[in-house]
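Just so we're aligned: 83 in numbering that gives the first Met the number 0 is position 84 of the sequence shown, and the numbers increase by one with no gaps anywhere.
Note that the Cβ used here is the ideal one computed from N, Cα and C, for glycine as well.
Worksheet: one structure, shown below.
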Amino acid sequence: MPDQPAAAPDLHRAVLDDLSARTLYLLATLRQDVFTMEQGATDADLDGRELEPTTELLWLEEEGAPIAHLRLLREADGTLRIGRVAVRADRRRGGHGRRLMVAALERAGELAPSAEVHLDAQAYLETWYASMGFETVSDVFLEAGIEHVAMVLRPASA
Numbered sequence: 000m001p002d003q004p005a006a007a008p009d010l011h012r013a014v015l016d017d018l019s020a021r022t023l024y025l026l027a028t029l030r031q032d033v034f035t036m037e038q039g040a041t042d043a044d045l046d047g048r049e050l051e052p053t054t055e056l057l058w059l060e061e062e063g064a065p066i067a068h069l070r071l072l073r074e075a076d077g078t079l080r081i082g083r084v085a086v087r088a089d090r091r092r093g094g095h096g097r098r099l100m101v102a103a104l105e106r107a108g109e110l111a112p113s114a115e116v117h118l119d120a121q122a123y124l125e126t127w128y129a130s131m132g133f134e135t136v137s138d139v140f141l142e143a144g145i146e147h148v149a150m151v152l153r154p155a156s157a
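As C-alpha cells, then:
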C-alpha cells in the first residue's frame, strides 16, 4: 500500500482566556525556544499584550503540539499588528509560516477590512514578508538585540 501523504497541521485561533493551560504552556515554550534559546533575544517575550481581550493567538498544531505561532493585536489607532511569528526550527521551509500569515491576514480582513496591518519583521525576513504585500517603512533597528524593519500592509482600497 502506498504511503499516505502527511495531513496538514491543524490551524487554531483563540484568545488567551479560551486556551487550556497545556496549550498556553506549549505556545510559550515554542516562543522561548525560537526567540530566546535559538535567536538570543534580549527582551522579555511576555509583554502583557496577550492579556488584552481582543488579542488573538493563531497557531498550527501537529500531533498535539504547536509548530508555528503568531499573535494578532488590535491597536488603539484602529490598525492591526502581527507579532511573535515563530516556526519551530525543524518545521521551517515547509510553508507553515506562510500558511499562518495568510490565515492571520484573512482574519485581519474580517476584523477590520480597511485597516493597515503592521509588523516589525526580522530584517532577514523582509523579502519574505514583502512577498505577501508588506512594504518596508523604516530603516533597520534593533529590537530584543535582533535587527528588524517596520513593515505595513495597506488595504487594497487605500
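Rounded separation between residue i and residue j - CA only
i    : j    : result
A6   : L23  : 23 angstroms
A75  : E49  : 15 angstroms
L152 : F133 : 4 angstroms
D122 : I81  : Reading off the sequence, residue 122 comes out as Ala, not Asp. Each residue's Cα considered, the two are about 15 angstroms apart.
L45  : T28  : 12 angstroms
L26  : V116 : 23 angstroms
H147 : D9   : 29 angstroms
M131 : D16  : 30 angstroms
T53  : A102 : 17 angstroms
H68  : V33  : 11 angstroms
H11  : G108 : 17 angstroms
R90  : A64  : 12 angstroms
Y128 : A20  : 31 angstroms
R106 : T41  : 30 angstroms
S113 : M150 : 17 angstroms
L141 : A43  : 14 angstroms
D138 : T78  : 21 angstroms
L118 : M36  : 22 angstroms
V136 : E62  : 38 angstroms
Whole-angstrom C-beta distance between residue j and residue i, which should lie under 8 angstroms
i    : j    : result
R70  : R83  : 5 angstroms
L110 : R73  : 7 angstroms
R87  : I66  : 5 angstroms
L59  : A13  : Actually they are not in contact, since the Cβ atoms of L59 and A13 sit about 13 angstroms apart, beyond 8 angstroms.
Q31  : I145 : Not quite, the Cβ-Cβ distance comes to about 15 angstroms (not below 8 angstroms), so this is no contact.
Host alpha helix (DSSP H) of residue i (start-end)
i    : result
M100 : 95-110
L25  : 20-30
N-terminal and C-terminal residue of the beta strand (DSSP E) that residue i is part of
i    : result
E125 : Unbroken run through E125 is the alpha helix (DSSP H), 125-129; no beta strand (DSSP E).
A13  : 9-13
Residues bridged to residue i [DSSP beta-bridge criterion]
i    : result
E146 : L141
L118 : M150
E37  : DSSP output for E37 lists no bridge partner at all.
Residue i CB to nearest heavy atom of the ligand MN below 7 angstroms
i   : result
D32 : For the structure depicted, the ligand MN is absent and the ligand set is empty, with no information on it obtainable.
Minimum length 4: unbroken alpha helix (DSSP H) runs contained in the region 48-92: none
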